[in-house]
């Protein structure tokens, strides 16, 4: 006998900017498969701005910056999910607490990965992708969509997506205009930070040298983007560069307004961090400087998603801080990155000409 379609669906979003972007195909697939269901998204404070304006969910439960480490915040979220309880819960993070949350909230079906000793909290506990007994690095879009497929939600659309409105684009344009960037100016964005940890960061002096090359060789306006914790890094890049750089870290561009800003650019150069996935989702040529992380987790394979990396004996180590000499990032030269930028911009010019 066929099961009735779920009336209420809960989705626990991941905890990192890039992971939320890579989870957007899940949100879209759920809405397309069950258009009449009430979909509730549970997400950490601030990250809801990434999917603001998207048509894929009906309500959003936002929990505080301390996350589920706060007992009060955790119980408040559980109570909110009980009114009424979910027929289906997709638990995207691998944490124990995210599965416990839906178990205590009484979700009838709970789908997630068998990680963090939490299998008994799930009705459908999937094994993590592996090969020869070892975990296999899997593109996170596919990793998350496998949970959908286990719940009977099939989709052929696997590309991340970040919707925004015309009004959002106008608001972003107004911010850029106040900083002296006009609509006709070719814009290249740099992101020098990495919330994950210092192991992902490229020397700021090299970002400054790269900005000089972009301005001199490509005739583009260069701007630096970043969050509140990256203001000092952006200021240092702007201070060291011998060309004018527009600092966009202190002008009110949040994770929602960042979407039209990135979409407005011709090129994004970034560490392996959240903004990289904005570029991928928005179809903007993106050059990623990758060091300690395995490319298999985040590389989309799309033509505009370019990596600059070197193989080192100790990598990829997945560490937040390097215990050695940071060779995976130190060996990325300005010339290597500039060549990747040249190729990315040439592809754009070729597409435009064709």
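Residue numbers (the numbering used here): 5 to 358. Cβ atoms here follow ideal geometry from the backbone N, Cα and C, with glycine treated the same way.
DSSP three-state assignment for residue i, whether helix, strand or coil
{"i": "residue 276", "result": "coil"}
{"i": "residue 271", "result": "strand"}
{"i": "residue 251", "result": "strand"}
{"i": "residue 191", "result": "strand"}
{"i": "residue 12", "result": "strand"}
{"i": "residue 20", "result": "coil"}
{"i": "residue 357", "result": "In this prediction, residue 357 scores a pLDDT of 39, lower than 50, which makes its location untrustworthy; no coordinate-derived value is stated."}
{"i": "residue 166", "result": "coil"}
{"i": "residue 123", "result": "helix"}
{"i": "residue 83", "result": "helix"}
{"i": "residue 197", "result": "coil"}
{"i": "residue 75", "result": "helix"}
{"i": "residue 347", "result": "helix"}
{"i": "residue 258", "result": "coil"}
{"i": "residue 89", "result": "coil"}
{"i": "residue 111", "result": "coil"}
{"i": "residue 183", "result": "coil"}
{"i": "residue 160", "result": "coil"}
DSSP beta-bridge partners of residue i
{"i": "residue 129", "result": "116"}
{"i": "residue 134", "result": "139"}
Delimiting residues of the alpha helix (DSSP H) encompassing residue i
{"i": "residue 67", "result": "Note, residue 67: premise wrong, no alpha helix (DSSP H); beta strand (DSSP E) at 63-67."}
{"i": "residue 152", "result": "144-154"}
{"i": "residue 28", "result": "28-37"}
{"i": "residue 108", "result": "100-108"}
{"i": "residue 52", "result": "Element bounds for residue 52: n/a, residue is neither H nor E."}
Delimiting residues of the beta strand (DSSP E) encompassing residue i
{"i": "residue 93", "result": "92-95"}
{"i": "residue 48", "result": "42-48"}
Inter-residue spacing [alpha-carbon to alpha-carbon] between residue i and residue j
{"i": "residue 199", "j": "residue 78", "result": "24 Å"}
{"i": "residue 59", "j": "residue 340", "result": "40 Å"}
{"i": "residue 162", "j": "residue 272", "result": "22 Å"}
{"i": "residue 297", "j": "residue 321", "result": "6 Å"}
{"i": "residue 84", "j": "residue 157", "result": "25 Å"}
{"i": "residue 94", "j": "residue 222", "result": "45 Å"}
{"i": "residue 64", "j": "residue 52", "result": "8 Å"}
{"i": "residue 139", "j": "residue 130", "result": "13 Å"}
{"i": "residue 19", "j": "residue 150", "result": "18 Å"}
{"i": "residue 135", "j": "residue 148", "result": "18 Å"}
{"i": "residue 110", "j": "residue 49", "result": "23 Å"}
{"i": "residue 7", "j": "residue 91", "result": "11 Å"}
{"i": "residue 218", "j": "residue 233", "result": "25 Å"}
{"i": "residue 114", "j": "residue 164", "result": "24 Å"}
{"i": "residue 23", "j": "residue 257", "result": "20 Å"}
{"i": "residue 280", "j": "residue 152", "result": "24 Å"}
{"i": "residue 112", "j": "residue 14", "result": "11 Å"}
{"i": "residue 311", "j": "residue 333", "result": "12 Å"}
{"i": "residue 344", "j": "residue 350", "result": "10 Å"}
{"i": "residue 319", "j": "residue 175", "result": "42 Å"}
{"i": "residue 197", "j": "residue 283", "result": "15 Å"}
{"i": "residue 208", "j": "residue 241", "result": "6 Å"}
{"i": "residue 358", "j": "residue 348", "result": "Here residue 358 scores only 39 on pLDDT, less than 50, and its place in the model should not be relied on; the value that follows carries that caveat. Going from the Cα of residue 358 to the Cα of residue 348 covers about 15 Å."}
{"i": "residue 216", "j": "residue 192", "result": "12 Å"}
{"i": "residue 47", "j": "residue 220", "result": "42 Å"}
{"i": "residue 309", "j": "residue 88", "result": "42 Å"}
Those runs of the beta strand (DSSP E) which lie wholly inside the region 200-245 and span at least 3 residues:
225-229
Segments of 4+ residues assigned as alpha helix (DSSP H) that fall wholly inside the region 260-344:
262-268, 278-286, 331-334
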